[in-house]
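A short worksheet on the structure shown next.
In my numbering, the protein residues as written are 1 to 290.
Here is the structure:
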């Protein structure tokens, strides 16, 4: 059985490689974490990779170390920056086949204590950045009648987690936005997909233990799911499978039962009182641009 499974995985890998080889893929927020893991996985399958990130130093280090085709500064909240980056990709690599809107931030804390500038920053990056990228990418893809836009949402976009009120709102918005585009442009040749990761072992999740019974995902698991999504497009993929199943199940339960279950799993405090503030400080400072 093990040998049979190994051959099955090999066939899947070969099939994915055949469908991905030569594709031009743009990834925002690609300097680290899920974005970098995805870029690395796709490059291994023969894709041509362009990564952009607001952190110019880190994106250049990451891109040069892996010899990606293009890497540089990208501010997803600035139309000129985004347009110029996509122009450079198409000028130097070729027409964009896949755009992965991955850039996002997740400051934690009680909503009443959240400065308005942080609220705006979360919405600017997590929502406007995705909308802007989708609009700019779509304009190019519609003309060619082909392409794939993948927006990184979160399982937080299907639920409500204390300590992440604005982040939750932003990911609910990404899901609704992506589903709407999928139907609005049905038959156009452009596919739209959402990726819903659970808490992931990246800097974004530093200092947070997450709910009981649910292990964090590794960025490579999210990358593998995105690879499969590009090879065989569908509307949504949830990672991990267990966390995704529980998220869907909870939404089917009566509200008092669902909220009680979430509290029993520890989600009420996971992003509030249970956060390791010292361990998370470096990420919070960067996300908040302090």
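No residue lacks a Cβ here, since even glycine has one placed at the ideal position from N, Cα and C.
Length at least 4, wholly inside the region 15 to 81: the alpha helix (DSSP H) runs in chain order:
33 to 44 and 56 to 66
Around the Cβ of residue 221, are there at least 16 other Cβ atoms within 10 angstroms (buried) or fewer (exposed)?
Counted from its first residue, the chain shown places residue 221 at position 221. The residue is buried, with at least 16 neighbouring Cβ atoms inside 10 Å.
Selection from 174, 150, 285 and 283 that minimises the alpha carbon distance to residue 233
The sequence position of residue 233 within the chain shown is 233, counting from 1. That would be 150, whose Cα lies nearest to the Cα of residue 233.
Which class does residue 153 belong to by DSSP, given the choice of helix, strand or coil?
Taking the first residue of the chain shown as 1, we reach residue 153 at position 153. Coil at residue 153, not helix or strand.
Here's the rule I'm using: 16 or more other beta-carbon atoms within 10 Å means buried, otherwise exposed. How should residue 120 be labelled?
Residue mapping note: residue 120 aligns to position 120 of the chain shown, counting from 1. Under this definition residue 120 is an exposed residue.
For a test of the three-state rule: what should DSSP assign to residue 145, helix, strand or coil?
On the chain shown, residue 145 is found 145 positions in, with the first residue counted as 1. Correct three-state label for residue 145: coil.
Is residue 236 helix, strand or coil when you go by DSSP?
On the chain shown, residue 236 is found 236 positions in, with the first residue counted as 1. Strand.
Distance between residue 66 and residue 138 (C-alpha atoms, nearest Å):
Locating residue 138 in the chain shown gives position 138, where the first residue counts as 1. Locating residue 66 in the chain shown gives position 66, where the first residue counts as 1. Cα to Cα, the separation comes out at about 28 Å.
With the cut-off set at 8 Å, would you say residue 31 and residue 76 are in Cβ contact?
Residue mapping note: residue 31 aligns to position 31 of the chain shown, counting from 1. Residue mapping note: residue 76 aligns to position 76 of the chain shown, counting from 1. Their beta carbons are not under 8 Å apart, which means residue 31 does not touch residue 76 by this criterion.
So, is residue 115 buried or exposed, given that buried needs 16 or more other C-beta atoms within 10 angstroms?
As a working note, residue 115 is residue 115 in the chain shown. When all chains shown are included, residue 115 counts as exposed.
For my contact list, residue 52 and residue 203 are in at a C-beta cut-off of 8 Å; report their separation, rounded to the angstrom.
By one-based count along the chain shown, residue 52 stands at place 52. By one-based count along the chain shown, residue 203 stands at place 203. Wrong, their Cβ atoms sit about 18 Å apart, outside the cutoff.
Buried/exposed call for residue 112, threshold 16 Cβ in 10 Å:
Along the chain shown, one-based indexing puts residue 112 at 112. Exposed, since its Cβ has fewer than 16 Cβ neighbours within 10 Å.
Check this for me: beta carbons of residue 141 and residue 147, under 8 Å apart or not?
Taking the first residue of the chain shown as position 1, residue 141 is located at position 141. Taking the first residue of the chain shown as position 1, residue 147 is located at position 147. Cβ atoms of residue 141 and residue 147: closer than 8 Å.
In terms of residues, what are the limits of the alpha helix (DSSP H) holding residue 168?
As a working note, residue 168 is residue 168 in the chain shown. First-last of the alpha helix (DSSP H) with residue 168: 165 to 184.
When we look at the beta-carbon of residue 193 and count the other beta-carbons within 10 Å, is it buried (16 or more) or exposed?
By 1-based counting over the chain shown, the position of residue 193 is 193. Burial call: buried.
Only counting the same chain, and skipping five residues up and downstream in sequence, which positions put a Cβ closer than 6 Å to that of residue 258?
Here residue 258 is taken as the residue at index 258 of the chain shown, counted from 1. Once the five neighbours on either side are set aside, the close Cβ partners of residue 258 are 250.
Are the CB atoms of residue 82 and residue 136 nearer to each other than 8 Å?
To locate residue 82, count along the chain shown from 1; it is residue 82. To locate residue 136, count along the chain shown from 1; it is residue 136. Cβ atoms of residue 82 and residue 136: closer than 8 Å.
Using the DSSP secondary-structure output, state which residues sit across from residue 100 in a beta bridge.
Working through the chain shown from its first residue, we reach residue 100 at position 100. Paired residues: 27 and 150.
Neighbour-count burial assignment, residue 158, 16 or more Cβ in a 10 Å radius
Against the chain shown, residue 158 aligns to sequence position 158. So residue 158 counts as buried.
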